[in-house]
Amino acid sequence: MRLSSNKLIDIISNDEKYIDYLTSEYLDSGKITSDKSNGPKSTILIPRCTFTAQRLAYASAMEVSYNSRVLLLGGIPKQWIDKQSRNSISSITHFALKKVRKRTRLITTHSYKCIYRNCDKSRANLVGKVNGDINFDGERGVENNYKYKLATSSFKSTFCGPRSLKRNKDPTHTALGPINISSSSVRSFRVSTTESVSSAKLNSCRETNKSSETIDGGPDSLPAFVTSAYLKGIETISKDHVLKDSIKKELTTPHEGNKRHQKYCMLLDKKVCDKKLCQAYFDEEKSYSIANHEVPYYKKASSNILCHKDGTYTSPTKNDQIISEQLVYLHSDSKYEPNLEKSLVTNNPGKNFNVLQPKPINSDSLLLGKLEQNNTWDNEAKSSYLNVNESTKNAIKIESHSTQNLNKEIELRYDPHLNDDLILMQERMLVLVKVQLSHRNLPPFFSEAAAVDTRIEERWKEYFVIAYRTGNPEKPLILEFYSTKRMIGGSINNVNIKSFAHVGGMDVIINKKTIIQFYNTLDKTICIQNSTLKENYLAEEDIEGHSIDFHPTRFYILKCATLESTYRWYLSLKRILGIHVTPDYIPLSIPDANLSVRIVFQNDTLRKLEKIAKSETEFLKIGLLSNGYRIFPCPLIRYFTVAVLRILRQADLGYQVKKWQHPNVILGCDLKRYDRLEWSPGRESGLLQEYFALSHTHIPELRQLQHYAREISTTWGILTEPFPVEGFLLKITNKYAQEDLLFGKLRVKPCYFFTVENLLFCTSSYKAVPILPEEVPIDLSGIVTNMQDYETILNNMQNIFEEDPYPLDANNHISWLTSEFNNDNFKSNDLRAFKGFNRRICQILNSDNVVDITKIVEVRQGCTKDLTKDELKNTILSVISFTFWGKHVNNEEIAKSCIYITTENNLTMKLLAPDPSVASEWVQRLEAMKKYWQQRQGYDITYMWDLKLKNIDELKISDFEESNIAESSPKWIADMATANTKLFNINGLSLLTPLMQKGLLFLKPRKHTVFTKHYVILVPGFLIVFNCFQRSLTGFAKKTVYYEHSKTISVSEAYLYSGAITELDLLKRGQTFDDLNPGNQTLSRVYADGWRSSENETSRCFTLWFRCKKELSKHLYGERDNLFSPGEAPCSGAVNYDVSTADQPQEQNPPLKLNGLNIKANRIVFMARSRQERDLWILAIYNELERLKRNL
Amino acid sequence: MELNFLHNFNFSILGDKNLIIENQRGLILLGYPFFSPSLLLPILDPPEFQLVFLKDNLSNIAKITCLNKISNKTSNCLDQLFPLDSECVKEKQKWYVLMACDDIDDQGWCYSWTFNNRRWKSKNGIVRRRIWIKLPELNPLK
């Protein structure tokens, strides 16, 4: 059924219509049948780069509010207040807690940057637009102070790339443009004329999308730019001589020589220039764009564009226009912006015109010679190329390039090491190289499941990979690998310099014979299958006795740091091969209705959606309903939602998605592979490209976003998750639950206990930052800045104090996010919520040990009977309690203030609360948590187990097949399987709770050791590992009450890979014949909770690869002066470009250093209990990596 | 002595099932396990496989009796010989490694210095053993 896309876009671009459409039976005629009882009151815009917006984009206000509430029991002890307020004590703790402060500062800066940095960036661009709306001046100071420290003390990979041009980010470039032809774009043009041919060469110094958009107040659209606005501009140019003069002046502006500018070259015949645009040539500024569309382009020219010797062209076919439109959409894509060459030749009989072909990257004698020798090119193509070449040479002359400069330019273009224009992409990544061993024919798609005998030529190693455009259609792209930290680049004549860093033998030539696909679709490793060998390593080696004629195929497996960069590389390389990477339709699966809908994108639908998305980049739109909110997802998802609703309603199936009408429902898209759901955090607009990349294995779905449930229904009723509690307590026992030490000595330690989900963390009271009242000013870490003035408030705190940064009103609205929306109020409340959340993360990072609440057997309060056992001890405890709390309590109260927590291994931890009422409160709440979380854990296992059984039953596969679902599994199995959003929820994306993932994992820190069991939790930015056992000298485990902290791993600079490739990090063991399960190499296991599975080792493992901290700090600190220019803060993960100009070739390529490469690396291999748990861990870490690297 | 070992395991999920204990001797070097049943000392060590017959519920470990005299040849055809209960034979069953112990390695092995030891650990030892249990197979075609 064909549906009008314009109608759909009209609906999603109008807020009221969109909400009406969702909540009512909106018919095609436009009539709304149902009432507007829960219609939108108004729509408010909140800055997208705020903590609240990040949460509300994925979760309802109720979920956000409930998950943010924390209770403080017992108030603040006197000793803690003294420590904060008295200089003498604080100075002592200042030195003792140096490490803690450093870590707290680190994580605070980390979190702050992740959430608010984009805001600061955008504010710089949006001076005129949102000035005064977003103002975090109070916090920016903190950020700036931390900036340098963070970059130097953490594992920052700041380095300088081999190409040393500062990118054109200076907004003055746009201001230099003399003609603002398009009202919605900031571009500058250069026009040159000849005697017979009026040619206009338009050089557009294009800013990044964001800046140009924001300055002009609206997004630009390329087709409009090509077809109408620019043409009008050209007409104006041709008529207005004054303007022409100004353009000529523009030719001499300094930025003319800047080769990084985006250039639009047009050569127009004077006779027809006022009619139609003949050709535009795009050379994007973005380094990851493509110029290698030359290949299809030239062919297109040979087949469709009739090129005559007199320089005239006739019309291309309709297909060309369609392709062009598609390309134009890609061009306007903000994320995967390609470099396109566009040929728009309009059929205009009787009018001849000259067309300047794409700017002659390869317009030199070398290529011409190759063209003439190349028999594969037909005469037409040759003539078109020669014609074009002549025209372009003219154009170059007109541009007043001297011959010397031209030769130099040609020389530069053919030496990829010396010209920055030719860099398509550059990034550091992990690379593994495999070589084929036998003559056997290769399968069409090489992946981890392919049965090919290979050996590893290069193990995992971090390289700086540069993709160079050659300009040669036979080998359009070369991937080069740089491995050392030594100097590269340099002057033109210094030939040897590059050999220091460049690993020449690894170069990959990308051409039509190259096959590019994903090696593993879970960790998204890219595999480049290349059989074209470079001359310098052309089968010199004789592999295992094969003849020298045997040219082994090489498999380059690339592991990018983030999914975003992975997709960028993958799609760009695909485009190089001439493949159109944006699908024209998408088969969207609707699990709620149990059907699939095919959504076809007509004409410029995607472009319009992109335009709407750009207008919503800075703000999150929230519709205020009479009860709750309606969050506006990205336009593509809104389009899907409306289109699906329309189709279902027309088929009378609308009742199946009735729940989408509920106010707090948020819909989102994911890609499903078997039982795994991969959400696209922040990449929703790139979903189509992701779908293209993964269409062989995944299916796209439109689902309701679901969170980790806060309720469970049991036979005796509904259990709701208790709110987390925190508070100071005196810990009287040690980890072995011993109350008395040697000689009857008491062991009392003041601690701060706090719960997060099912974990009871414990940290020293000196390191703790408790919940504080709203009036008390705190910094980002939660530390009180001015304690003296607020001592009375802290001393008089109630026993139960609740922190609720998102209070709800009767309409389920956040009280400070209603129709009376105040920006200042929003700013302060949002920051307070962020501080509260960040404080909890800091507490977890500083925690010493953790008790699993589900392992608790009993929690009880002390009674007077305990007093009789040891009265002297209680007397001592009362004195200690007075010292700590500043409150007098008698012996009987001390006995009643004790809390006894008994764990599964029959150990009892004894804690002392300030008074019996607080102890009673602690006991009640811990008991409720124990009850809830034991049930919750059981339900989680049941969900996973039921899902497994359901898939086994429905798909008629065995347990072994189900356990080892991988790349080799057929797509029909993956498509037909059921997935559960309760398991693959989006808690990690929405930052609802500090814990993103938790559980028991086996891990080994190096290859030649054995796996040991640990309790691992993932918090934003860090993996925290706790030891499950305390061992004696002989290695036997001792019984302990809690897990002790072992290590904290920063994931921000790590690479993650999984699947068959982790076999490199595993040892071959258990290869003997299995008598009990003959013919089966896997080990079937059954666990205490009833879970059974039979995975291979590789199906359970994933590896974190990161650079050794010591080595990295040595490289960074030792050469810091060389790395950072004065006053410039280093930025992570990106290339630092030094200042250079086009007129100074020696400065254009100054010596640069690739720091941090080729140094010792650590690999930690994790082994989960099952494939399902491994998938959960991998996706959680990936989402976190994505969040960190996107914003840092 | 098997009672000492079985104390480490949580049998709450098992019910009336039959167990096999697998024994090996050797050591771990650089992460590689050099363990083998052929290194078991003939008189001192138990055989490679030991059947644990259950008189009553497994949760009551005191009633377990062990049959030590099972040769390796017999163990090769255990799948057909054991259990002899006719009801169990009807349903296709499969042997699983029991992972219901806290201090255990990723393949279900527990390590110690002697087989007669009460304390077992997840790494570093010269003897190791694990428990196999026979459970109904997860078969979609049943």
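These protein sequence lines map, in sequence, to chains W and L. Quick note: the first sequence, position 122, residue 618 per my numbering, numbers continuous. Quick note: the second sequence, position 124, residue 173 per my numbering, numbers continuous. Positions of the beta carbon are idealized from the N, C-alpha and C atoms, including for glycine.
Listed along chain L is no residue with a C-beta nearer than 7 angstroms to that of ARG1667 (chain W); the closest approach is about 14 angstroms.
DSSP places GLY1182 (chain W) in the helix class (H, G or I) of the three-state scheme. In this structure LYS1534 (chain W) is not in contact with SER1542 (chain W), their Cβ atoms being roughly 16 angstroms apart against a cut-off of 8 angstroms. Under DSSP, the beta-bridge partners assigned to ARG1527 (chain W) are W:ALA1533. CA-CA distance, LEU1141 (chain W) to GLN1202 (chain W), rounds to 20 angstroms. Using beta-carbon distances, PRO82 (chain L) counts as an interface residue toward chain W, with a partner under 8 angstroms. Contact note: GLY1495 (chain W) does not reach chain L at a C-beta cutoff of 9 angstroms; the least C-beta distance is about 14 angstroms. Close partners of TYR1170 (chain W) in chain L (Cβ separation under 7 angstroms) are lacking, with about 16 angstroms as the shortest Cβ gap. Beta-carbon to beta-carbon, THR1314 (chain W) and LEU1120 (chain W) are separated by about 7 angstroms, close enough to satisfy the 8 angstroms threshold. For the pair GLN1025 (chain W) and VAL961 (chain W), the CB atoms are not nearer than the 8 angstroms cut-off. Counting other Cβ atoms within 10 Å of its Cβ, THR1371 (chain W) stays below 16 and is therefore classed as exposed.
In this structure ASN1308 (chain W) is in contact with ASN1123 (chain W), their Cβ atoms being roughly 6 angstroms apart against a cut-off of 8 angstroms.
Residues of the region 171-183 of chain L whose Cβ lies closer than 7 angstroms to any Cβ of chain W, in chain order: SER171, LYS172, ASN173, TRP181 and ILE182. Residue range 1319-1341 is occupied by the alpha helix (DSSP H) that includes ARG1328 (chain W), with no beta strand (DSSP E) assigned at that position.
The bridge partners DSSP lists for ASN1345 (chain W) are W:CYS1258 and W:GLU1540. Put simply, the backbone Cα of ASP1171 (chain W) is about 59 angstroms away from that of THR1364 (chain W).
For a cut-off of 8 angstroms, the C-beta gap from VAL1252 (chain W) to ILE1340 (chain W) is around 6 angstroms, short enough to register as a contact. Using a 10 angstroms sphere on the CB of HIS1384 (chain W), the tally of other CB atoms stays under 16, which defines it as exposed. Closest by C-alpha distance to LYS1008 (chain W), out of W:ILE1022, W:TYR978, W:PRO972 and W:THR1017, is W:PRO972. For PHE1525 (chain W), the C-beta contacts it makes with chain L under 7 angstroms involve ASP152, in order along the chain. At least 8 angstroms separates the beta-carbon of ILE1072 (chain W) from that of ILE1082 (chain W). Here DSSP, grouped into helix, strand and coil, assigns PRO1083 (chain W) to strand. If the five residues before and after SER1085 (chain W) are omitted, its C-beta is found closer than 6 angstroms to the C-beta atoms of SER1092, ILE1195 and GLU1197, all from its own chain and listed in chain order. Contact between PHE84 (chain L) and GLN73 (chain L) holds: their C-beta atoms lie close to 4 angstroms from each other, under 8 angstroms. Sequence-ordered contacts of the region 70-98 of chain L with chain W read ILE77, LEU79, GLY80, TYR81 and PRO82 [C-beta pairs closer than 7 angstroms]. Within its own chain, the residues whose Cβ lies closer than 6 angstroms to the Cβ of PHE1219 (chain W), once the five positions on either side in sequence are excluded, are ARG565 and LEU567, listed in chain order.
With a beta-carbon spacing of about 7 angstroms, LEU1562 (chain W) and CYS1597 (chain W) fall inside the 8 angstroms limit used to define contacts. For TRP956 (chain W), the enclosing beta strand (DSSP E) covers residues 950-965.
With respect to chain W, the C-beta atom of GLN156 (chain L) has a partner C-beta closer than 8 angstroms.
The distance from the Cβ of PRO1301 (chain W) to that of ALA1264 (chain W) is about 19 angstroms, inconsistent with a contact at the 8 angstroms cut-off. Here ILE1448 (chain W) is near GLU1458 (chain W), since their CB atoms are less than 8 angstroms apart. Around the Cβ of SER1595 (chain W), a 10 Å sphere holds 16 or more other Cβ atoms; the residue is buried. If you compare the alpha carbons of W:LEU1675, W:ALA946 and W:THR1259 with that of LEU1479 (chain W), the shortest gap goes to W:LEU1675.
Runs of the beta strand (DSSP E) lying entirely within the region 1185-1239 of chain W and spanning at least 3 residues, in chain order: 1195-1200, 1207-1210, 1213-1216 and 1221-1227.
Within chain W, the C-beta atoms nearer than 8 angstroms to that of VAL146 (chain L) come from LEU1579, SER1580, ARG1581 and VAL1582, in chain order. Under the Cβ criterion of 8 angstroms, MET1663 (chain W) is counted among the residues facing chain L.
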